[in-house]
Ligand SMILES: CC(C)(COP(=O)(O)OP(=O)(O)OC[C@H]1O[C@@H](n2cnc3c(N)ncnc32)[C@H](O)[C@@H]1OP(=O)(O)O)[C@@H](O)C(=O)NCCC(=O)NCCS
């Protein structure tokens with residue numbers, strides 16, 4: 037199943053669809069470009085093959101520009117990672133990815149979605165707040181940043 041939407045910011049149709057095995061390399065490249073600790077290609081490949089994960093990509097003119105990876109266990113789920121190519125940031129692409137993922141999770145009878153986010157990642161915090169996630173708790177010293185400094189993580193949750 038794929039979903040199309042017209043993005044008025046870039047005046048292009050964006051397609052959201054389930055990631056295929058062949059998409060792993062592009063996803064890992066985007067991941068590497070956006071995160072301090074990148075995932076190995078083999079790890080991404082293993083997630084895409086695994087039925088316990090919902091892996092979506094957003095494509096512009098057949099090129100992947102963003103992705104979301106969600107783990108599903110029975111009726112709960114967790115956003116493992118989400119990112120957009122830097123040039124397409126702030127255009128509503130990840131907002132659409134989250135909305136699409138939520139629709140798909142509801143159809144699978146999933147009842148909640150959680151995630152952890154560094155308390156310094158304001159862009160991501162704004163994205164989740166805008167998408168109705170609620171802050172549940174704080175995990176002290178959860179992440180280590182580029183310069184070795186510990187940062188806290190917020191745990192967010194949304195009941196579906
Ligand atoms: C966080 C990230 C996924 C957001 O993706 P995005 O496609 O740019 O997000 P959207 O354009 O859908 O924006 C959604 C909301 O995020 C917030 N946002 C976007 N750009 C922002 C900025 N520069 N500063 C603050 N908030 C911002 C806004 O609230 C925005 O809603 P609005 O446009 O109605 O104001 C993206 O910045 C990214 O890939 N970051 C690197 C990887 C990462 O940190 N992932 C999250 C790990 S928890």
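Numbering (my numbering), first residue to last: 37 to 196. Positions of the beta carbon are idealized from the N, C-alpha and C atoms, including for glycine.
Item, Value
"Tell me, which residues are paired with residue 180 by DSSP?", "186"
"For residue 74, which residues in the same chain have their Cβ closer than 8 Å to its Cβ, ignoring the five residues on either side in sequence?", "64, 67, 68"
"Could you tell me whether any non-hydrogen atom of ligand 2 is closer than 7 Å to the CB of residue 85?", "Ligand 2 is absent from the structure shown, which contains only ligand 1."
"Taking the alpha carbon of residue 95 as the point to measure from, which residue in 139, 162, 180, 129 has its own alpha carbon closest?", "129"
"Could you spell out the range, first to last residue, of the alpha helix (DSSP H) harbouring residue 78?", "77 to 85"
"According to the neighbour-count rule (16 or more other Cβ atoms, all chains shown, within 10 Å of its Cβ), is residue 153 buried or exposed?", "buried"
"Grab me the residues of residue 113's own chain with a C-beta within less than 8 Å of its C-beta, minus the 5 sequence neighbours each way, in chain order.", "90, 106, 107, 141, 146, 148, 149, 150"
"Identify, in the order they occur along the chain, each residue of the same chain with its Cβ nearer than 8 Å to the Cβ of residue 41, setting aside the five sequence neighbours on each side.", "49, 50, 52, 132"
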